[in-house]
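Chains as they are written, first to last, in our numbering: chain A, 20 to 340; chain B, 15 to 762; chain C, 10 to 196.
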Amino acid sequence: MRAFSYERPSQVAHATHAGSRPDAAFIGGGTNLLDLMKLDVEQPGHLVDVNRLPLETIEVLPRGDLRIGALVRNATLAADPHVRRHYAVLSRALLSGATGQLRNKATTAGNLLQRTRCYYFTDVSKACNKRVPGSGCEAIGGYNRIHAILGASASCIATHPSDMAVAMLLLDAVVETDRRRIPVAELHRLPGQTPEIETTLQPGELIVAIRLPPPLAGRHLYRKVRDRASYAFAAVSVAAVVEMRHGRIGQARLAFGGLAHKPWRDHEAERLLVDEAPSRALFERAADQVLTGAVGQGGNDYKIPLLRRTLMATLRQATEA
Amino acid sequence: MQSQPPIKPSLFDSPAGPNPLDQEHLLGRGLARVDGPLKVSGRAPYAYEVSDPAGAALVGVLVLSTVAQGSITRLDTQAAEQAPGVRLVMTHRNAPRQGGPASQYCRPQMADAVIRQNGQAVALVLGDSFEQARAAAALVVVDYDTRPGQFDLAAGLPQATVPPPRSPSQPVDTHVGDFAQAFASAPVQVDATYSTPHQAHAMMEPHASHASWEGDRLTLHTSNQMLSSCAQTLCETLMLRPEQVRVLSRYIGGGFGSKLVTYADAILAGVAARQLGRPVKIALSRPQVFRQTTHRTATIQRVRLGADADGTLHAIGHESWSGNQQGQAFYETAANQTRLLYAAHDRMTTHRQVRLDLPIASSMRAPGEAVGLLALECAMDELADRLQMDPVALRVKNDIQYDPEHGPSRPFSTRRLADCLHEGADRFGWERRLPRPGARREGQWLVGMGVASAIRSVALRPSSAEVHLDGRGILTVGTAMTDIGTGTYTILTQIAGEMLGLPPDRVVMQLGDTDLPEASGSGGSFGAASSGSAVYYACAQLRIAVARRAGFDPEKVQFADGQIIQEGRAVSLAALAGAQGIEATGGIKPGSLLKRYAQASFGAHFAEVGVDADTGEVRVRRMLGVFGIGRVLNARTARSQAIGGMVFGIGAALMEEAVPDQRHGDFINHDLAEYHVPVHADVPAVEAYFLEELDPVANPLKAKGVGELGICGAGAAVANAIHNACGVRLRDYPMTLDKVLAGLPVQA
Amino acid sequence: MARAASPAVPPQAEPGTAIPVTLAVNGVDHALMLDPRVTLLDALREHLLLTGTKKGCDHGQCGACTVMLNGRRINACLSLAVMHDGEAITTIEGLGHPDDLHPMQAAFVRHDGYQCGYCTPGQICSAVAMLAEHRAGMPSHVTEDLQATHHDLTDAELRERMSGNICRCSAYPNIVAAIRDASGGIA
């Protein structure tokens, strides 16, 4: 970990000013940033500790939106009575991630901005375009069991590790920064030729809150498939909110983790479910749609049938009486 | 080691007769760990936690090679040397001369520019603080001329060689009768090839060392299971005489075999502390542990079983291939247990070695059996399947009370395998198992049961101890033995207390210091037997000395309640010891009993798993192990050891795999987020039960080892349960969901 | 929560300059000058010589460094000490002493909830805080009914909630027994 200078502002304006230094990084929970700093993957020269900014409240806004302060800890958000009642998919996703200790520390904004778990990204002795642009991607042709099957590029096949972000995407969450609002759907980028650029945030831009639109009716599910029963990243995950009306699917929202460089959503798959009676064939069609263009890299080929089966099981559960 | 008068060991060459340990007033009971209060309150100091005066010790951070084969072409240490707080950057260019050539006990570090493995030390940065040293270590630039290496076991099979024998009693291959003919003519055959992956010990405490010199004497606090070999390594590598080295490992945060070896942290801490004239401490980071230290090698194993329709085995063949660096003698003895486990007239076992340019492969918890049984006991399940025979009954049918390779002239000392299988089947509710795979479904879960036999060879090593009784009636026991979590502090307290009739709080146990009498160390399940026997013999000598001082006949006395008693006359030990105290020493020297008797501990594992019918995720629901381990020295710690081994079996079956990157020759998933070991949620109700047994052939304690038996066969029971649950027969460990998924039927 | 009176810290001129930090550890204030790179874990172990908190991975992957920050369990390795200026930290040493063990510590001894002992302080701190979380009605991944304000602490709940603490010796069943035993006295 290289030496850095440190400051701890108490006002957002000061933080964003400090964060505009090219070598600056904001530190919230620190559970991802410090991990990577110890590995020399992240090398900020200036650390702006945002933990004393007044961004720790959860409030229901007059029109029914929920505004979540950027510093609300994952555990607090998961346990919030309003979230549990009205945004259960978010609570479920949060609780399936990490551990009690990490959830107590990690922040809502920081969770969205988590960086990938790719082995080659976190090992500075390996080539990685995300870490050193132009150096190559050793996950391609390497051990890529945990890697992306959708939206990958010849430059990068990493996945986004967050569970929470999957639920946020499903819920049409909007990120509120010090200067603008960005739908979560537009926050994360696909790798393309520039995998080092992971979000659409500008330098020094600070997330101050995340807004959720009014609650979605229906059954909220988050199914995370993983190699051990807890404390493991998703091989794949499926977030689903499905509302049944008179035996047919009235509304369906689906989002996926473990598949791509960003949390994944497929509006076409959602559309084809609506107004249909649940059936195996229908679920197959939805899975076909989600997996359009899916490509395995060898080690992660299994994710294609796994996603299909997990989605079908989740839809079955979401639609059963 | 300081010069001490040599301790005369007792030769253990005939089965133990009655002795005071048979009283079992203290021994055998589930005495809570005597080191427990220190451990649970955070006051037990581990190697890195030696307290120095503030700022006295320099902190070393290692730089490891990032290629597997080749040589260093450029080494730029300038930036590191100029970084704040840096005192020295040591590389092969300026490292003090060390002993050589490299061998098992001579491990010179940074001796030249040659790279022999990914993860070898290439630089050591010494700084005033950890933060400064770590930052500077990242500034060391190393370029390499790289040669391609061999990192894949399967690809190396055509070049496999015959390794040198481990010992005269462990030949590389064995052939009895005519296996080929018997197998070919057997009415029912299994011929299956299994693979097991590289595994990491992943003990919780990373390797760490703290070195300081007083004159020309080195004191090294380190985390090592076997202090005598650590001291020998330091002597040979740092070119020291034995009396110049003192090694201490009073508390060790797990080992499982990883800490049988002395690594760069220990050697370079010693080298640097001498050069700089200040204490130096070095801890490996968790990723460095995966790269610098040993691992369990992958294996490929072919098992062939030929049987009659009634299940009688006629032919057993077990061939194993494992990998290691060139010149390393260690190979995985995965077929060894197959020489002893089941009867059959015609049999063969072979071991072959494949050169792999990975980090050095060595012992991990139950080397040999732990992976050998993953293959053999799955093959037995496949045979039962083919025979449509109950897997428990198949194993019982082929039970045998003597070494099947040598005949009745070499009986087992004790062997209660069939009892373990029967007892376990009863306790587990085995009769509820449905023979047809996939027949039991509970919601999304396909549920099945599996069984496997357990066997682990018994060993005994030389060990010695000293005992001292003082005027307060306190017995102090000293031996350079280690407690790696096995419970040594506690069981030695019980043995000493039993021998002298003292409660545990009158016994002080001193371990983990080479200034104490040399001991076996912890490994191969021989620790308790060997060090416990040494304490037994030392206490037996002390009993004689106490009796003589009391004017009693040593043959007629009893020791109880802090007193020596003869014919109603009781004298307190404290009074007899007086101000000068009474001392004794003792030790054990193994005799020929291991040749005359086949010796092993036995058991049976039962597992119930659920397989998610949609995703292929496997979760263990419950597990039971029933074991025959001779005398149980401490019911509580023995149970913990057995359960711990069984959970290692869950890990081996379901998740553990250190994956070599085929271009770089390192384990790419080198941390605890990506090398999965079981967490709480993976471990359901696991129970261990011990049969009543004494084994007087094993040692004077009449006890066998327990630390490794729990893992032996446990993973196979899980694998067999997976098959019973969902019908998917996997032969490639670990049985992760992707492999299970490939065999599952289309969803309902 | 205990918080410093003036939370704003002006930017330092030079990277690596030591910063004054006050940590309230086990009820005692400690004023330190720390390199900002010092983690909370290393501040405890190296600067306050409270080595009961263990370094098992230094990356939040094992839980051996679990301490309580203002009553909530966290991984001390993934936090900088300077971030916790003025805050209250409870370590294993603050829970009890060998001669006066905390009920959770005593239960671990009674149930043999450890072997090598290296993960043990983290398990114990985690368990104490976990019971408080449970009492406060916090749900877990295995909680069936998210709306309920009280959940039975089933074995499955207990195991899930403790899964951030790895025990390679695998004393898990004994740890669960110890926590269950202690929860009677604590909860």
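Glycine residues also receive a C-beta, built at the ideal position from the N, C-alpha and C atoms.
Q. For a contact meaning CB atoms closer than 9 Å, what does H694 (chain B) contact in chain D?
A. No chain D is present in this structure, whose protein chains are A, B and C.
Q: Pair every Cβ in the segment 176–185 of chain A with every Cβ in the segment 109–117 of chain A, then say whether three or more of these pairs are closer than 8 Å.
A: At 8 Å Cβ cutoff, the stretches touch.
(Q) Let me see if you follow: with CB-CB separation under 8 Å, is R650 (chain B) close to chain C or not? (A) By this cut-off, R650 (chain B) is an interface position.
Q.
Just checking: is the beta-carbon of D36 (chain B) within a distance shorter than 8 Å of some beta-carbon in chain C?
A. Not closer than 8 Å to any Cβ of chain C, the Cβ of D36 (chain B) fails to qualify, so no.
Q. What in chain A is Cβ-close to T80 (chain B), meaning under 7 Å?
A. Here the neighbours are S144.
(Q) I'd like to know whether the C-beta of S24 (chain A) is nearer than 8 Å to at least one C-beta of chain C. (A) By the rule that beta-carbons nearer than 8 Å mark a contact, S24 (chain A) touches chain C.
Q) When burial is assigned at 16 or more other CB atoms within 10 Å of the CB, is G113 (chain B) buried or exposed? A) Under this definition G113 (chain B) is a buried residue.
Q: With a threshold of 16 other CB atoms inside 10 Å of the CB of Q123 (chain B), please say whether the residue is buried or exposed.
A: If you draw a 10 Å sphere on the C-beta of Q123 (chain B), you find 16 or more other C-beta atoms in it, and that means buried.
Q.
Suppose you measure from the CA of R27 (chain A) to the CA of G49 (chain A); what does that come to, to the nearest Å?
A. The straight-line gap from Cα to Cα measures roughly 14 Å.
Q.
With a threshold of 8 Å, are at least 3 pairs of Cβ atoms found where one atom belongs to the segment 132–145 of chain A and the other to the segment 67–79 of chain A?
A. Segment contact: the segment 132–145 of chain A against the segment 67–79 of chain A, fewer than three CB-CB distances shorter than 8 Å; contact not assigned.
Q: List the residues of chain C whose Cβ lies closer than 9 Å to the Cβ of R272 (chain A), in chain order.
A: From the beta-carbon of R272 (chain A), no residue of chain C is found nearer than 9 Å; the closest lies around 18 Å away.
Q: Kindly provide the ranges of any beta strand (DSSP E) runs that are 3 or more residues long and lie completely inside the segment 313–357 of chain B, ordered along the chain.
A: DSSP assignment within the segment 313–357 of chain B yields the following whole beta strand (DSSP E) runs of 3 residues or more, N-terminal first: 313–321, 327–338.
Q | Exposure of N738 (chain B), with buried meaning 16 or more beta-carbon neighbours within 10 Å | A | It is buried - the Cβ of N738 (chain B) has at least 16 other Cβ atoms within 10 Å.
(Q) In whole angstroms, give me the CA-to-CA distance for F270 (chain B) and E670 (chain B). (A) Using only the alpha carbons, I get a separation of about 15 Å.
Q: Report yes if the CB atom of V91 (chain A) is closer than 8 Å to the CB atom of T35 (chain A), and no otherwise.
A: No, the Cβ-Cβ distance between V91 (chain A) and T35 (chain A) is not below 8 Å.
**Q.** Burial state of H690 (chain B) (16 or more Cβ within 10 Å)
**A.** Taking all protein chains shown into account, H690 (chain B) has 16 or more neighbouring C-beta atoms within 10 Å of its C-beta and is therefore buried.
Q) Who are the Cβ neighbours of T311 (chain B) in its own chain at under 7 Å, not counting the five residues just before and after it? A) Excluding five sequence positions before and after T311 (chain B), the CB atoms of its chain that fall closer than 7 Å to its own CB belong to H212, S336, G337, N338, E346, A375, given in chain order.
Q: Answer with buried or exposed for M217 (chain B), where buried requires no fewer than 16 other C-beta atoms within 10 angstroms of its C-beta.
A: With 16 or more other Cβ atoms within 10 Å, it is buried.
Q. Looking at F573 (chain B) and R429 (chain B), is the spacing between their C-beta atoms short of 8 Å?
A. Note that the C-beta distance between R429 (chain B) and F573 (chain B) is not below 8 Å.
Q. Rounded C-beta distance between A89 (chain A) and A228 (chain A)? I'm assuming under 8 Å.
A. A228 (chain A) and A89 (chain A) do touch by the CB rule: their CB atoms are close to 6 Å apart, below 8 Å.
Q) Cβ of H224 (chain B) less than 8 Å from any chain A Cβ? A) Not an interface residue.
**Q.** Distance between H328 (chain B) and A196 (chain B) (C-alpha atoms, nearest Å)
**A.** Looking at the two C-alpha atoms, the distance is approximately 6 Å.
Q. Would you say E250 (chain B) and Y416 (chain B) are within 8 Å of each other, going by their C-beta atoms?
A. No.
Q) DSSP puts Y158 (chain B) in a beta bridge; with which residues? A) Y158 (chain B) is bridged by DSSP to B:I86.
Q.
Taking CB distances under 8 Å as the criterion, tell me whether R111 (chain A) reaches chain B.
A. For R111 (chain A), no Cβ of chain B is located within less than 8 Å of the residue's own Cβ.
Q. Which residue or residues does DSSP assign as beta-bridge partners of L102 (chain B)?
A. Looking at the DSSP output, L102 (chain B) bridges to B:L140.
Q) Taking the C-alpha atoms as reference points, what is the distance between T333 (chain A) and L240 (chain A)? A) In this model, T333 (chain A) and L240 (chain A) are separated by some 7 Å (Cα to Cα).
Q | Proximity below 8 Å, CB of T502 (chain B) to CB of S536 (chain B) | A | Result yes, Cβ atoms of T502 (chain B) and S536 (chain B) sit closer than 8 Å.
Q) With 8 Å set as the bound, which would you pick, yes or no: does the beta-carbon of C74 (chain C) sit closer than that to a beta-carbon of chain B? A) Not a single CB atom of chain B sits nearer than 8 Å to the CB of C74 (chain C).
Q) For H68 (chain C), which of helix, strand or coil comes out of DSSP? A) Reduced to three states, the DSSP call for H68 (chain C) is coil.
Q: Could you tell me the distance, in whole angstroms, from the CA atom of N51 (chain A) to the CA atom of D84 (chain A)?
A: Looking at the backbone, the Cα of N51 (chain A) and that of D84 (chain A) are separated by about 29 Å.
Q) When the Cα atoms are used, what is the spatial distance from P422 (chain B) to G729 (chain B)? A) Distance from the CA atom of P422 (chain B) to the CA atom of G729 (chain B), rounded to whole angstroms, is 31 Å.
Q) Out of curiosity, what's the CA-to-CA distance linking R353 (chain B) and D413 (chain B)? A) Cα to Cα, the separation comes out at about 13 Å.
Q. Whose CA, out of A:S154, A:G276, A:A279, A:D294, lies closest to the CA of R264 (chain A)?
A. Among A:S154, A:G276, A:A279, A:D294, the Cα nearest to that of R264 (chain A) is on A:D294.
Q: Please confirm if L755 (chain B) has its CB atom under 8 Å from at least one CB of chain A.
A: Closer than 8 Å: yes.
Q: Would you mind reading off the limits of the alpha helix (DSSP H) that contains V137 (chain C)?
A: It spans 129–144 - the alpha helix (DSSP H) in which V137 (chain C) sits, taken as one unbroken run.
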